[in-house]
Amino acid sequence: WLVYEWDFATLKATGATFTTDDGGPLALGEITNPQPQAGLPTCAGPLGPEECTFDGLSSTVVGPALTQGFQVVLGQANVIEFGKGLYGTNENGGISGLVINTVTRAENDPRYAANEEWEALIPRAQVVLYEDNLDNGTGLPLFGGDGIVDDVNGSLGVEYADVDNYPLGWADGGSKGIEDIDHNTNSVFDFGDAIDVGWSDSWDDNKPTGCQGSNGPGFENLDCFDGLRNFNQSRPALFDGGYAFGPRYDCTETIPGVCDEGHVALGADSFGYLKSGQYIVQGIAPPGYEHIKEEDRNVDFGDQVIPQLLPPECVGDDHTVPTYFSMVTDSDGVCVLDGGCGADEEAPFHDTERPLCDRKAIKLSQGQNAALDFHLMTETPKAARVVGFILDDLSNEFDPTSPNFGEKWAPPWMPVSFRDFDGVEIGKTHADEYGLYNALLPSTFTANAPMPSGMGPNMLTACMNSANPIPNPDFGT
8 WLVYEWDFAT LKATGATFTT DDGGPLALGE ITNPQPQAGL PTCAGPLGPE
58 ECTFDGLSST VVGPALTQGF QVVLGQANVI EFGKGLYGTN ENGGISGLVI
108 NTVTRAENDP RYAANEEWEA LIPRAQVVLY EDNLDNGTGL PLFGGDGIVD
158 DVNGSLGVEY ADVDNYPLGW ADGGSKGIED IDHNTNSVFD FGDAIDVGWS
208 DSWDDNKPTG CQGSNGPGFE NLDCFDGLRN FNQSRPALFD GGYAFGPRYD
258 CTETIPGVCD EGHVALGADS FGYLKSGQYI VQGIAPPGYE HIKEEDRNVD
308 FGDQVIPQLL PPECVGDDHT VPTYFSMVTD SDGVCVLDGG CGADEEAPFH
358 DTERPLCDRK AIKLSQGQNA ALDFHLMTET PKAARVVGFI LDDLSNEFDP
408 TSPNFGEKWA PPWMPVSFRD FDGVEIGKTH ADEYGLYNAL LPSTFTANAP
458 MPSGMGPNML TACMNSANPI PNPDFGT
């Protein structure tokens, strides 16, 4: 499965219609044979239902939909028709962005960090929206803001929202976990001066459901899976790490001041858009992560890229940039290299005060979407995730209950060994009953290779049907 994504930077997203290829012969002049869409309600206006159909042969997602999961088989043609329109008066695309595991850190100033295509995104990370339209000294409106969160709860001073980390639930009325942060220790999740709180999307929490078509005689279900019998599919889904504030809010329920005074009534409910103005967005680093800083640069080859537009300014608390890169020092900032540290190991902006990038200032203008990303890292490189399968090229699968039915037979329960360049086994797992296996393995911290990603891969050997014995912890062998 993959996920489509489309933008709404300067044009409003009004929905999308998906025609999924059902395979088989094509009518003259057609590029696809539409897959019937069973069980969807009939579309009835601009507010929904959220997923519906006009003709029973396509599915339509209404409103500011931005992503859709899909699976497509070679030689097939799925058709997507994106709905776009001009932003109206007092309308905008809200504020949206990504929470990124920044593996390749090439910029001296973390403000200018950009997402590389090989970098994974981080799900379930808390993101908080604050206003910045007042002078905090006088309380009067200030164009462009002052980089300090506005006092919207009247408590005299800045109060940041509490933090509900994964597995989440505290902000929705559940119990506080040891991973959560309670600023005033009252065990109640408080917004503080925040006007909205959200969490980055998770694929695992929003897996596609309601797949269309038959999985073969006797298996007429709507389960979605990664396999040939599921064939072509287009289903609502999310990718990891994306977040958004707005663009549309229910102005009958939201905190006063979030919606623009010019919001329009659609149907029985009153909906509006996030007000144009200056905001501060705070990205919370989940446990184990931290926001990248000047001293965390790990790539020293490549062109210096000058962005066309200035990215959102970092307005977090000041921190002193240490003398040397964090990769060559211990937790106290002491150099750990055998030959000592010199000019080559000095961090950019070292020995100066720089704002952290856990809070960023951004201006939201009418008729536009404002993009704002957060770049996080782990001191120890994240484990590499391996997924694979074992197939027998000389046999076929005849069991209709197997996901491999009609394809090559997959021998079950085989041991799989992973070894380093010396043949030393560093990990072992087993395939399941369908020949599928997965594992977590050491990745790499080498990031100075002269290639686009900078990453020097950790080369390992995978050995299928490795029959070497598994040690018995009770006997030490």
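Per the working numbering, numbering through the sequence shown is continuous, rising by one, with the last residue being 484. Beta carbons: idealized from backbone N, C-alpha and C, even for Gly. All values derive from a computational prediction rather than experimental measurement.
Limits of the unbroken beta strand (DSSP E) element including residue i
i: Tyr173; result: Per DSSP, Tyr173 belongs to no beta strand (DSSP E) and is neither H nor E.
i: Leu401; result: Asp399 to Asn403
i: Lys19; result: Lys19 to Thr26
i: Arg361; result: Glu360 to Pro362
i: Phe89; result: Val86 to Gly92
i: Ile369; result: Arg366 to Leu371
i: Met471; result: Thr468 to Met471
i: Leu9; result: Leu9 to Glu12
i: His326; result: Asp325 to Thr327
i: Tyr444; result: Leu443 to Leu448
i: Thr67; result: Ser66 to Val69
i: Arg304; result: No beta strand (DSSP E) holds Arg304; DSSP gives it neither H nor E.
i: Ser241; result: Gln240 to Arg242
i: Val204; result: Asp203 to Trp206
i: Phe356; result: Here Phe356 belongs to no beta strand (DSSP E), and DSSP marks it neither H nor E.
i: Gly76; result: Thr74 to Gln78
Nearest residue (CA-CA) to residue i, options the options
i: Asn115; options: Arg131, Thr60, Phe356 and Val322; result: Phe356
i: Leu316; options: Lys183, Tyr137, Ala120 and Glu302; result: Ala120
i: Asp358; options: Phe412, Glu302, Asp324 and Ala391; result: Glu302
i: Phe252; options: Gly234, Leu235, Val288 and Ser333; result: Val288
i: Glu297; options: Glu353, Arg366 and Leu141; result: Arg366
i: Pro362; options: Leu47, Val343, Glu404 and His326; result: His326
i: Ile38; options: Glu57, Gln83, Ala20 and Asn465; result: Gln83
i: Phe396; options: Gly442, Thr21, Val204 and Glu386; result: Gly442
i: Pro294; options: Cys218, Val306 and Glu386; result: Glu386
i: Asn160; options: Gly76, Asp200 and Ser182; result: Asp200
i: Pro41; options: Gly31, Asp230 and Asp197; result: Gly31
i: Glu432; options: Phe332, Ser473, Glu12 and Ser338; result: Ser473
i: Phe332; options: Glu353, Asp324 and Phe89; result: Glu353
i: Phe425; options: Glu414, Val394 and Asn403; result: Val394
i: Met466; options: Ala378, Asp400 and Pro449; result: Pro449
i: Ala378; options: Gly434, Gly180, Trp210 and Gly100; result: Gly100
i: Ala3; options: Pro130, Phe15 and Val335; result: In the structure as shown, the chain starts at 8 and stops at 484, and residue 3 therefore has no counterpart that could be examined.
i: Met471; options: Arg304, Asp203, Gly249 and Tyr444; result: Tyr444
i: Leu245; options: Val322, Pro130 and Gly346; result: Pro130
i: Gly151; options: Glu186, Pro319 and Ser460; result: Pro319
i: Ala368; options: Pro71, Ala20 and Ile102; result: Ile102
i: Glu12; options: Asp142, Pro418, Cys321 and Tyr250; result: Tyr250
Contact under 8 Å by Cβ, residue i with residue j
i: Trp420; j: Ala438; result: yes
i: Ile291; j: Pro117; result: no
i: Val68; j: Pro243; result: yes
i: Val195; j: Ala168; result: no
i: Arg112; j: Met384; result: yes
i: Gln285; j: Thr27; result: no
i: Tyr280; j: Glu138; result: no
i: Leu73; j: Leu18; result: no
i: Leu9; j: Pro43; result: no
i: Phe238; j: Asp257; result: no
i: Asn76; j: Pro254; result: The displayed chain sequence assigns Gly, not Asn, to residue 76. It is not a contact, given that the beta carbons lie outside the stated cut-off.
i: Asp29; j: Gly220; result: yes
i: Asn85; j: Lys389; result: no
i: Leu229; j: Gly248; result: no
Residues that residue i bridges to, as DSSP identifies them
i: Cys342; result: Thr336
i: His437; result: Pro422
i: Glu138; result: Tyr286
i: Asn108; result: Leu383
i: Asp257; result: Phe278
i: Asn122; result: Bridge partners of Asn122: none, in fact.
i: Ile102; result: Phe252 and Ala377
i: Asn411; result: Answer by DSSP bridge pairing: none, since Asn411 is not bridged.
i: Ala391; result: Leu448
i: Trp416; result: Asp399
Cβ-Cβ separation, residue j to residue i (assumed contact under 8 Å), whole Å
i: Val106; j: Phe381; result: 5 Å
i: Val170; j: Ile155; result: Contact flag wrong, Cβ pair sits at about 20 Å.
i: Ala454; j: Val306; result: 5 Å
i: Leu511; j: Arg392; result: Within the shown structure, residues of the chain are numbered from 8 to 484, placing residue 511 beyond reach of any answer.
i: Glu57; j: Leu47; result: Their Cβ separation, rounded to whole angstroms, is 10 Å, which puts Glu57 and Leu47 out of contact at 8 Å.
i: Gly90; j: Gly22; result: 4 Å
i: Pro71; j: Ala132; result: So it is not a contact: roughly 21 Å between Cβ atoms.
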